[in-house]
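In our numbering, the protein residues as written are 375 to 555.
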């Protein structure tokens, strides 16, 4: 399908393709900055252990991811067409292509996107590390509470013995002697 789309665009001027790609990249860059802001908010909430807002942030981030995925698919089609028309395999081969001035913007947009992605990745690693730490602390707390509950139950004498036949009264064990209820 990609090949068919590239062939359909054979009559489109290269500058129009590059302009379209630049527009996609500017939109993606805008979305990435928004995504970074949400990730920063997410980090602040996790750091403060204020989890109420995290759900809405995650939903917003997923919407941005969906839109970026759409832009990336469109970019792939346009960029494949551009590479085919120029006879190149990557942007690095465009060093001396002055006849297409918008290619410089394309390179700059690509570089800026990579920088923002790197910043998002760094911040996201901090968020994930803090969440992992909170999860470990929560697991430890739950284990401690369960152990305390088991000990308390053993000493309180309020838990029935498990092997009680139907029709038989529950037998409880107390700290000093067994009693029937």
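Beta carbons are placed, not taken as given, at the ideal position from N, Cα and C, and that holds for glycine. It should be emphasised that the depicted structure is a prediction, and the values quoted were computed from it without experimental measurement.
Using a Cβ distance threshold of 8 Å, residue 394 and residue 452 count as a contacting pair. In chain order, 417 place their CB closer than 8 Å to the CB of residue 500, counting only its own chain and leaving out the 5 sequence neighbours on each side.
For the pair residue 421 and residue 504, the Cα-to-Cα distance works out to about 7 Å. CA-CA distance, residue 423 to residue 402, rounds to 31 Å. Between residue 441 and residue 405, the CB-CB gap stays under 8 Å. Bounds of the alpha helix (DSSP H) holding residue 452 are 428-460. When secondary structure is reduced to three states using DSSP, residue 501 falls in the helix class. Within 10 angstroms of the beta-carbon of residue 524 lie fewer than 16 other beta-carbons, which makes it exposed. No Cβ-Cβ contact shorter than 8 Å links residue 419 with residue 493. The C-alpha of residue 479 lies about 13 Å from the C-alpha of residue 466.
Under the three-state reduction of DSSP output, residue 424 falls in the coil class, being neither helix nor strand. For residue 404, the secondary structure class from DSSP, reduced to helix, strand or coil, is helix. In this structure, 427 is the residue among 520, 427, 449 and 391 with its C-alpha nearest to the C-alpha of residue 412. The C-beta separation of residue 391 from residue 482 comes to about 17 Å, leaving the pair out of contact by the 8 Å criterion. At a Cβ-Cβ threshold of 8 Å, residue 519 and residue 399 do not count as neighbours. Here DSSP, grouped into helix, strand and coil, assigns residue 463 to coil. About 16 Å separates the beta carbons of residue 415 and residue 439, which is beyond the 8 Å limit, so they are not a contact pair.
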